[in-house]
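Student:
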Amino acid sequence: MALALIYTRDYDRAGLDRQLLVREEKSGRLTRIRRGVYVPSAEYRALPWWEQRLVHLDAVVGTRRSEQVLIQQSAAAIWGIPTIGRSFYVLVLARNGTHGRARAGVRHHARVLLEPVVRHNGFMVTSRAQTAVDIAAYCRFEEAIPVMDHVLRNDRGRGLRALEPEQLSRLAELLPAGRRRRFERVLSFADPLA
Numbered sequence: 131m132a133l134a135l136i137y138t139r140d141y142d143r144a145g146l147d148r149q150l151l152v153r154e155e156k157s158g159r160l161t162r163i164r165r166g167v168y169v170p171s172a173e174y175r176a177l178p179w180w181e182q183r184l185v186h187l188d189a190v191v192g193t194r195r196s197e198q199v200l201i202q203q204s205a206a207a208i209w210g211i212p213t214i215g216r217s218f219y220v221l222v223l224a225r226n227g228t229h230g231r232a233r234a235g236v237r238h239h240a241r242v243l244l245e246p247v248v249r250h251n252g253f254m255v256t257s258r259a260q261t262a263v264d265i266a267a268y269c270r271f272e273e274a275i276p277v278m279d280h281v282l283r284n285d286r287g288r289g290l291r292a293l294e295p296e297q298l299s300r301l302a303e304l305l306p307a308g309r310r311r312r313f314e315r316v317l318s319f320a321d322p323l324a
């Protein structure tokens with residue numbers, strides 16, 4: 131994703147009038163992604179929806195006071211793991227009792243970290259394995275299957291090796307029993323040849 135984000139805070143720091151951005155948005159030349167973040171409309175509209183999702187992730191991370199850890203579908207987008215659905219909610223790891231909260235397009239979820247978080251493509255995300263395990267354990271079956279199918283095979287385009295079912299199962303052992311059963315059901319159905 132090479133789309134440059136335009137922040138109102140940068141206009142403020144440079145002594146420019148942020149109302150210029152509002153006028154550009156009203157004229158259709160800029161699109162407001164979230165409060166304080168704009169992008170050139172023509173370039174944004176030309177992107178496929180999954181790349182538009184990356185623009186939203188970048189905007190959220192760029193406007194937060196503290197660094198956010200992306201989880202589940204948001205982390206999957208950064209890893210290049212295909213997901214079902216076009217939700218532009220950004221899913222982040224909850225901190226300090228904020229779980230379950232949704233505000234300004236950001237949803238905070240409490241998750242047990244099964245592996246250390248990593249920096250990938252400039253974002254703090256759950257590991258590829260944890261991302262797949264969490265989606266299998268916390269999302270609908272039909273949403274989880276394409277994710278599991280994908281991580282069980284090599285991602286040649288990104289140079290990522292297939293994850294081993296045994297590795298995923300070891301991580302899932304750390305989940306509550308009900309979530310672990312959901313994961314096991316997805317793993318048993320998944321097919322890396324799909």
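With this note's numbering, the residue at position 160 of the sequence shown is 290, and numbering never jumps. By construction, the Cβ of each residue, glycine as well, lies at the ideal position given by its N, Cα and C atoms.
1. How about F319 and I275: are their beta carbons less than 9 Å apart?
2. Considering only the alpha carbon of each residue, which of R148, S157, E173 lies closest to R165?
3. Would you decide whether W180 is buried or exposed? Buried here means 16 or more other CB atoms lie within 10 Å of its CB.
4. Is the segment 201–215 touching the segment 256–264, taking contact as three or more C-beta pairs under 8 Å?
5. Are the CB atoms of E245 and L301 nearer to each other than 9 Å?
6. Using beta-carbon positions only, say whether Y137 and G215 come within less than 9 Å of one another.
7. Use the C-beta contact count for R225: other C-beta atoms within 10 angstroms, 16 or more gives buried, fewer gives exposed.
8. Tell me, please, which residues DSSP counts as bridged to D285.
9. Going by alpha carbons, who is nearest to F313 out of M278, R286, V247?
10. Less than 9 Å between the C-beta atoms of V220 and V236, yes or no?
11. May I have a chain-ordered list of the beta strand (DSSP E) segments no shorter than 3 residues that lie completely inside the segment 226–254?
12. With a threshold of 8 Å, establish whether the CB of A176 neighbours any heavy atom of the ligand NAD.
13. Can you look up T256 in the DSSP assignment and give me helix, strand or coil?
14. My understanding is that L298 touches L317, with C-beta atoms under 8 Å, so please give their C-beta distance in whole angstroms.
Tutor: According to the data block:
1. The residue labelled residue 319 in the question sits at position 189 within the sequence shown. The residue labelled residue 275 in the question sits at position 145 within the sequence shown. In this structure, F319 lies near I275, with their beta-carbon atoms less than 9 Å apart.
2. Locating residue 165 in the sequence shown gives position 35, where the first residue counts as 1. Put simply, of R148, S157, E173 the residue whose alpha carbon is nearest the alpha carbon of R165 is R148.
3. As a first step, residue 180 must be located in the sequence shown, where it is residue number 50. With fewer than 16 Cβ atoms within 10 Å of its Cβ, W180 is classed as exposed.
4. Yes: at least three Cβ pairs fall under 8 Å.
5. By 1-based counting over the sequence shown, the position of residue 245 is 115. By 1-based counting over the sequence shown, the position of residue 301 is 171. Cβ atoms of E245 and L301: closer than 9 Å.
6. For the purposes of this step, residue 137 is identified with residue 7 of the sequence shown, where counting begins at 1. For the purposes of this step, residue 215 is identified with residue 85 of the sequence shown, where counting begins at 1. In terms of Cβ geometry, Y137 and G215 do not form a close pair [threshold 9 Å].
7. As a position in the sequence shown, residue 225 is number 95, starting the count at 1. The residue in question, R225, is exposed, as its Cβ has fewer than 16 Cβ neighbours within 10 Å.
8. To locate residue 285, count along the sequence shown from 1; it is residue 155. The beta-bridge partner set that DSSP reports for D285 consists of L290.
9. On the sequence shown, residue 313 is found 183 positions in, with the first residue counted as 1. Closest option to F313, Cα to Cα, is M278.
10. What you label residue 220 is simply residue 90 of the sequence shown in a count that begins at 1. What you label residue 236 is simply residue 106 of the sequence shown in a count that begins at 1. It is a contact, given that the beta carbons lie within the stated cut-off.
11. Listed in chain order, they are 236–239, 248–250.
12. No copy of the ligand NAD occurs in the structure displayed, which carries no ligand at all.
13. Within the sequence shown, numbered from 1, the residue matching residue 256 stands at position 126. Note: T256 maps to coil in three-state DSSP.
14. Residue mapping note: residue 298 aligns to position 168 of the sequence shown, counting from 1. Residue mapping note: residue 317 aligns to position 187 of the sequence shown, counting from 1. Confirmed, about 6 Å.
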